[in-house]
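*Asks:* Starting off with a structure, shown below.
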Amino acid sequence: MMNITSLIENKRSWNLVLAGIVLLGAGWIFLTRTPVTQATGGAPPPSPKEGFSAPTFSLDILNAENSTTKVSLTDYRGQVVMINFWATWCSPCREEMPAIQSVYEEYQEQGLVVLAVNTTFQDNEFDVGDFVAEYNLSFPILLDRSGEVSQQYQLRGLPSTYFVDQKGVIQAVIVGGPMKETMIRSRVEALLKEVP
Amino acid sequence: MFPSISIGPYLLQTPGLILILGVWAGTFLSEKEAERYSLNKDTISNLILYSLIAGLVGARLAFALRTPGVYLSSPLSLLALDATTLAPTKGLLIGITIAIIVIQRKNLPIRVILDALTPGLAIFMIAWATANILSGDAFGSPTDLPWAIQLWGENRHPVQFYDLIFAVIILGVILKKPFMDFGSGINFLFLFSLSSLVRLITEAFRGDSILWFGSIRAAQLVSLVLLIGTLWLIRDWSINSSTKSFSVSE
Chain X
14 MMNITSLIEN KRSWNLVLAG IVLLGAGWIF LTRTPVTQAT GGAPPPSPKE
64 GFSAPTFSLD ILNAENSTTK VSLTDYRGQV VMINFWATWC SPCREEMPAI
114 QSVYEEYQEQ GLVVLAVNTT FQDNEFDVGD FVAEYNLSFP ILLDRSGEVS
164 QQYQLRGLPS TYFVDQKGVI QAVIVGGPMK ETMIRSRVEA LLKEVP
Chain F
-2 MFPSISIGPY LLQTPGLILI LGVWAGTFLS EKEAERYSLN KDTISNLILY
48 SLIAGLVGAR LAFALRTPGV YLSSPLSLLA LDATTLAPTK GLLIGITIAI
98 IVIQRKNLPI RVILDALTPG LAIFMIAWAT ANILSGDAFG SPTDLPWAIQ
148 LWGENRHPVQ FYDLIFAVII LGVILKKPFM DFGSGINFLF LFSLSSLVRL
198 ITEAFRGDSI LWFGSIRAAQ LVSLVLLIGT LWLIRDWSIN SSTKSFSVSE
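So the protein lines, in turn, are chains X and F. Residues in the first sequence are numbered consecutively from 14, following our numbering. Residues in the second sequence are numbered consecutively from -2, following our numbering.
Right, here's the structure in full:
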């Protein structure tokens, strides 16, 4: 303690300490800088987290005339995509669906894509059709029959929604619901405004 | 990572819960500390309350300003109880600004108040690190080290655990008040300088750093500036303190 007291008392000594810390700090910052290849190297790796590329998937679409018709996330690269995981028995999913439909109708022409992934592995496929008719949903309903995509997105609860920008990077993850229409519109509008 | 607990139809966000606990414990500790400094504990709790309210309102307004048209068409949405429509960094800055304004307008002894807030802030830092462990935020860069954790598809530095360990050490040091004799406000500056030093060190292992000049981690540069600034202030406040009389040599 005595030494620190005398250090602080003496302006010159204290300034020397500060100068030493500046040098050491600057050296540490330089040594631990991000490698240029990592800093500038293309798209982030895929993971279901903000700042990462949205994991790609390909799923069957509900009521497709051709049973082999699949929708793939990569088909929509360059567009703002909202991926919503849901189930018919999930009450907040039911509550937020009209809001999602309303936002979709409003922003569809500006390039918004909504992919509603039904967690079919824990739902009844026949109920899904009734649900879509009941809420008059016009966006694609995808069927995750094996649960593989839900696992890929490390689903922790329903509903879960991922807002993906035009570069394919997840910008927001909302776990739980129901989401308010204003919140959905605000996030979608902000993403649509971004220059790819 | 343990970001949520399902209780029936409800999904409880554990990081948010820990942060609320951190605010509560921090406020409690700061009130106790205020009494030790002969401050009215209501002064501290009111200051924290004003800052929290201002921070929350500011965070909501800042979020709404990103797309003002959306909120102008539905102004009542500004009052929605929705933690996902907040801009936390801007809210924090607004909360701090309001606290400074309140301190100045009420002519409160700012350095004593900062000291009273110090243990509470140290507790909140522990809560913050714990919340990051639960949510998986503030994650580390990929590594092959044996103590790496599997997170977001890769083995990564457990930076959140580094932060937690340092936060616990800092709390232990701060509670001992090693520089209390140096005058009012020094314990707070000491906390600030230690936190800046820790961030300067641990940011090097982060996988989500904001970069400046191509490859330099912004948080490290800011931390170094804050570290030097607080160390400079420690001397300035010490020699100007009425409780200490140094023979200053220029």
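Backbone N, C-alpha and C fix where the C-beta goes; we use that ideal spot for every residue, glycine too.
#1: Should residue 123 of chain F be labelled buried (16 or more other beta-carbon atoms within 10 Å of its own) or exposed?
#2: Suppose you measure from the CA of residue 4 of chain F to the CA of residue 95 of chain X; what does that come to, to the nearest Å?
#3: At least one CB of chain X closer than 9 Å to the CB of residue 201 of chain F: is that the case?
#4: May I ask you to list, following chain order, the residues of the stretch 59 to 86 of chain F that have a beta carbon less than 8 Å from some beta carbon of chain X?
#5: So, residue 128 of chain F versus residue 19 of chain F, is the Cβ gap smaller than 9 Å?
#6: DSSP three-state call for residue 117 of chain X: helix, strand or coil?
#7: Check this for me: beta carbons of residue 75 of chain X and residue 145 of chain X, under 9 Å apart or not?
#8: Whose CA, out of F:200, F:178, F:209 and F:206, lies closest to the CA of residue 231 of chain F?
#9: With DSSP run on the structure shown, which of helix, strand or coil describes residue 174 of chain X?
#10: Can you give me the Cβ contacts of residue 191 of chain F inside the same chain, cut-off strictly under 6 Å, excluding the 5 residues immediately before and after it?
#11: Would you list, in chain order, the members of the stretch 192 to 221 of chain F that have their beta-carbon closer than 7 Å to a beta-carbon of chain X?
#12: What is the rounded straight-line gap between the Cα of residue 144 of chain F and the Cα of residue 59 of chain X?
#13: Establish whether the CB of residue 245 of chain F and some CB of chain X are separated by less than 9 Å.
#14: Within the same chain, show all residues whose beta-carbon is closer than 7 Å to that of residue 89 of chain F, passing over the 5 residues directly before and after it, in chain order.
#15: Bridge partners for residue 148 of chain F per DSSP, in chain order?
#16: Which ranges does the beta strand (DSSP E) cover as unbroken runs of at least 3 residues, wholly within the stretch 75 to 115 of chain F, from first to last along the chain?
#17: Could you name the residues of the stretch 93 to 114 of chain F whose beta carbon sits closer than 8 Å to any beta carbon of chain X, in the order they occur along the chain?
#18: Comparing C-alpha positions only, which one of F:-2, F:159 and F:105 sits nearest to residue 44 of chain F?
#19: Among X:83, X:107, X:98 and X:36, which one has its Cα closest to the Cα of residue 134 of chain X?
*Replies:* Let me spell this out:
#1: Numbered from its first residue, the second sequence carries residue 123 of chain F at position 126. So residue 123 of chain F ends up on the buried side.
#2: One-based indexing of the second sequence puts residue 4 of chain F at position 7. One-based indexing of the first sequence puts residue 95 of chain X at position 82. Using only the alpha carbons, I get a separation of about 26 Å.
#3: Here residue 201 of chain F is taken as the residue at index 204 of the second sequence, counted from 1. Answer yes: the Cβ-Cβ gap between residue 201 of chain F and chain X drops below 9 Å somewhere.
#4: Taking a C-beta cut-off of 8 Å against chain X, the contacting residues of the stretch 59 to 86 of chain F are 60, 61, 63, 64, 66, 67, 68, 71, 74, 77, 79, 81 and 82, listed in chain order.
#5: Stepping through the second sequence from its first residue, residue 128 of chain F is reached at position 131. Stepping through the second sequence from its first residue, residue 19 of chain F is reached at position 22. Against a cut-off of 9 Å, the Cβ pair of residue 19 of chain F and residue 128 of chain F comes out as a contact.
#6: The count along the first sequence starts at 1 and reaches residue 117 of chain X at position 104. Of the three classes helix, strand and coil, the one that applies to residue 117 of chain X here is helix, per DSSP.
#7: Counted from its first residue, the first sequence places residue 75 of chain X at position 62. Counted from its first residue, the first sequence places residue 145 of chain X at position 132. Yes, they are a contact pair.
#8: Numbered from 1 along the second sequence, position 234 holds the residue referred to as residue 231 of chain F. When only C-alpha atoms are compared, the closest one is F:178.
#9: For the purposes of this step, residue 174 of chain X is taken as residue 161 along the first sequence, with counting starting at 1. Residue state, collapsed to three classes: strand.
#10: Numbered from its first residue, the second sequence carries residue 191 of chain F at position 194. Once the five neighbours on either side are set aside, the close Cβ partners of residue 191 of chain F are 167.
#11: 197, 201, 205, 206, 208, 211, 212, 213, 214, 217, 218 and 221
#12: Taking the second sequence and counting its residues from 1, the one referred to as residue 144 of chain F is at position 147. Taking the first sequence and counting its residues from 1, the one referred to as residue 59 of chain X is at position 46. Annotation: residue 144 of chain F to residue 59 of chain X spans about 23 Å, alpha carbon to alpha carbon.
#13: Indexing the second sequence from 1 puts residue 245 of chain F at position 248. Bear in mind that a pLDDT of 43 at residue 245 of chain F, under 50, signals an unreliable position, so the number given afterwards is only what the model happens to contain. Yes, its Cβ sits closer than 9 Å to a Cβ of chain X.
#14: Counting from one through the second sequence, the residue named residue 89 of chain F turns up at place 92. Taken in chain order, the residues that qualify are 52.
#15: Taking the first residue of the second sequence as position 1, residue 148 of chain F is located at position 151. According to DSSP, residue 148 of chain F bridges with F:151.
#16: none
#17: none
#18: Here residue 44 of chain F corresponds to residue number 47 of the second sequence, with the count starting at 1. Among F:-2, F:159 and F:105, the Cα nearest to that of residue 44 of chain F belongs to F:105.
#19: Taking the first residue of the first sequence as 1, we reach residue 134 of chain X at position 121. Out of X:83, X:107, X:98 and X:36, X:98 has the C-alpha closest to the C-alpha of residue 134 of chain X.
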